[in-house]
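Numbering follows full-length UniProt numbering, with no gaps: position 254 of the sequence shown is 254.
All C-beta atoms, glycine included, are put in the ideal place defined by N, C-alpha and C.
Predicted model only: the values in this text are computed from it and were never measured.
Worksheet: the structure to be examined is printed underneath.
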Amino acid sequence: MTTDPDLGLSEARSLVTGAGRIVALTGAGISTDSGIPDFRGPQGLWTRDPAAEQMSNLQAYRGSREVRERTWQARLVHPGWDAVPNAAHYALERLSPTHIVTQNIDRLHQKAGSPPERVLELHGTMFESVCLSCDDHRDMRATLERVRAGETDPPCQVCGGILKSATVSFGQHLDQNLLRAARAAVSESDLLLVAGSSLSVQPAASLVSVASRAGAAVVICNGSETPYDAMATVVVRGPLGDTLPALISPLANPRN
Numbered sequence: 001m002t003t004d005p006d007l008g009l010s011e012a013r014s015l016v017t018g019a020g021r022i023v024a025l026t027g028a029g030i031s032t033d034s035g036i037p038d039f040r041g042p043q044g045l046w047t048r049d050p051a052a053e054q055m056s057n058l059q060a061y062r063g064s065r066e067v068r069e070r071t072w073q074a075r076l077v078h079p080g081w082d083a084v085p086n087a088a089h090y091a092l093e094r095l096s097p098t099h100i101v102t103q104n105i106d107r108l109h110q111k112a113g114s115p116p117e118r119v120l121e122l123h124g125t126m127f128e129s130v131c132l133s134c135d136d137h138r139d140m141r142a143t144l145e146r147v148r149a150g151e152t153d154p155p156c157q158v159c160g161g162i163l164k165s166a167t168v169s170f171g172q173h174l175d176q177n178l179l180r181a182a183r184a185a186v187s188e189s190d191l192l193l194v195a196g197s198s199l200s201v202q203p204a205a206s207l208v209s210v211a212s213r214a215g216a217a218v219v220i221c222n223g224s225e226t227p228y229d230a231m232a233t234v235v236v237r238g239p240l241g242d243t244l245p246a247l248i249s250p251l252a253n254p255r256n
């Protein structure tokens, strides 16, 4: 495993250039330059406000109207509504990987021009609301208009059940079809590029093991250490807004 920054970038470029099928796995670190805080970093949402983690816990959300009301107010002011892609998103769009498996809910990859059919939103999206009882999906903007109109905990308009964002909370199962698609894409790849993920949440983090078992190279670009660094072919440390453009922009033959 290479960890020297300059050597790491050089080796990573060589690996990317030689790879026929690249899959990217992205996490919160790729969107921090767009004004969306991560969760566990020094300025992360849960670092600054530990109680906010309850809003991402399905059991706490189901069991407490107070938690739900607080969560709806947080959704109104989520920075993702006004966020725009940053240099890292555009660099990844230029790379044009076979698939982008993202843990993010902000759809900034699609806003940057990555084809929606190539983006697997493993943890869902903030742009839809869903009923926990009947699975009715609605545009989140329409649901938030109900909150602005005075409904502090808006119920499902079909069955009266509890609504939440169409994101995966702790204690909630991932979409198994999406997970299978992500594992299949990684197992068929020549290179897995991890960008901005702490690799601390399963099963997304296990995709590194899937890539390694399949014989694919693994390049990890992140601002801090991850539990999977020892499994990587190359580790490139630094802010994603710097490292991804530095990795991808100099490539002689853009893949798109």
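In this structure, DSSP gives Ser197 a state outside helix and strand, which the three-state scheme calls coil. When beta bridges are read from the DSSP output, Pro115 appears opposite no residue.
If you draw a 10 Å sphere on the C-beta of Gly196, you find 16 or more other C-beta atoms in it, and that means buried.
The Cβ-Cβ distance between Leu192 and Ala230 does not fall below 8 Å. Separation of Leu163 and Lys111 (C-alpha to C-alpha, rounded to the nearest whole angstrom) is 26 Å. By alpha-carbon distance to Arg118, the top candidate from Val84, Met126 and His109 is His109.
Per DSSP, Val218 is one residue of the beta strand (DSSP E) stretching across Ala217 to Asn222. Look at Glu225 here: in three-state DSSP terms it is coil, with no helix or strand label. Under the three-state reduction of DSSP, Leu58 is assigned to helix.
Here DSSP, grouped into helix, strand and coil, assigns Asp242 to helix. Taking each of Ser10, Pro115 and Ala19 in turn and checking the Cα distance to Glu188, the smallest one comes out for Ala19. Here DSSP, grouped into helix, strand and coil, assigns His137 to strand. Under the 10 Å beta carbon count, Thr243 is surrounded by 16 or more other beta carbons and is classified as buried. In the three-state scheme derived from DSSP, where H, G and I count as helix and E and B as strand, Ala232 is classed as coil. Going by DSSP, His99 is part of the beta strand (DSSP E) stretching over His99 to Thr102.
Close CB contacts of Val147 within its chain, under the 8 Å cut and outside five residues either way in sequence, are with Trp72, Gln73, Arg75, Leu76 and Pro154 (chain order). Spanning the alpha carbons of Leu179 and Gly150 requires a straight line of approximately 37 Å. Ala166: not part of any alpha helix (DSSP H); member of the beta strand (DSSP E) spanning Leu163 to Thr167, first to last residue. Less than 8 Å divides the Cβ of Leu58 from the Cβ of Gly171.
Going by C-alpha positions, Leu25 is about 5 Å away from Val194.
Around the beta carbon of Ala142, fewer than 16 other beta carbons lie within 10 angstroms, which makes this residue exposed. Taking C-alpha positions only, Gly63 is separated from Glu69 by approximately 12 Å.
Residues Cys134 and Asp136 of the same chain have their beta carbon placed closer than 6 Å to that of Val158, with the five preceding and five following residues left out of the count.
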